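Step one of this worksheet: look at the structure below.
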Amino acid sequence: MNTYTIFGTGNMGTAIAEVLGKGGATTVNISHAEAATASITGDVVIFALPYPAIDEVIGNHREALAGKIVVDITNPLNFETFDELVVPAGSSATAEIQAKLPDSSVVKAFNTNFAATLSTGTVGDLSTTVLVAGDDENAKKTLIEGVNAGGLDAVDAGSLKRAHELEALGFLQLTLAGAEKISWTGGFSLAE
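For reference, each letter of the sequence shown is one residue, going 518 to 709 in the working numbering.
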């Protein structure tokens, strides 16, 4: 069983820890106040933080992150306007993080899910689906197995390039929920 270090104690960090814990994994959540000095004990590190906070974590823990699976859950929103993503056109937050952590295996996951759908395990009458994208097949497999063990569906969404589309989808969901066109208990699920 893997051990997960989760940077973030908010709704998403807590919900992800619950899912992984249901599958038997050990999780440690690190708060913002602890982030600079905390030890990374997990085989897998999850960034359950707003995108602007990621650079500080990388700056403080670059060496400790080497060789780890790093999971980026961010949607890189412009927090001033909430009307655009702040990564270069055609790129993604995950690709930007991978460039800063070349000795880590960075994957995108959980950004198309709301905390409520992770906690309940459902979107309407369907099982919550977590989409996972990245270039390291073993890293994706490790996370997918952890999510599946926790009772949710997880699907390999392809290479790191797919993080761009996942962030666009996450951004769309956030804007729809913010405009009250869908609820915060809505989300992503795949039906066969």
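C-beta: ideal position from N, C-alpha, C; glycine also.
Since this is a predicted model, take the numbers as computed values, not measurements.
- Phe627 sits buried, since 16 or more C-beta atoms from the chains shown fall within 10 Å of its C-beta.
- The straight-line gap separating the alpha-carbon atoms of Glu682 and Ile590 is approximately 13 Å.
- Looking at the DSSP output, Ala671 shares a beta bridge with Val647.
- In the pairwise beta carbon analysis, the region 609 to 618 is classified as not touching the region 653 to 669: fewer than three pairs are separated by under 8 Å.
- Distances from the CA of Gly687 to each of Tyr521, His578, Val574, Lys625 were compared; the closest alpha carbon is that of Lys625.
- Distances from the alpha-carbon of Gly527 to those of Leu566, Tyr521, Ser636 put Leu566 closest.
- For the beta strand (DSSP E) assignment, the uninterrupted runs of no fewer than 3 residues enclosed by the region 528 to 561 are, from N- to C-terminal side, 543 to 547.
- Rounded to the nearest angstrom, the gap between the Cα atoms of Pro569 and Lys657 is 24 Å.
- Burial check for Ser621: the Cβ neighbour count within 10 Å reaches 16 or more, so the residue is buried.
- The beta-carbon separation of Asn519 and Thr531, rounded to 18 Å, does not stay under the 8 Å limit for a contact.
- Inter-residue distance for Asn592 and Ala583 is about 23 Å (C-alpha atoms, whole angstroms).
- Taking Thr543 as reference, the option from Leu660, Tyr521, Asn655, Ala674 with the minimal CA-CA separation is Tyr521.
- Residue state for Ser700 is assigned as coil, using DSSP reduced to three classes.
- Annotation: the continuous beta strand (DSSP E) that includes Phe524 extends over 520 to 524.
- Here Ile563 is bridged, per DSSP, to Ile523, Val588.
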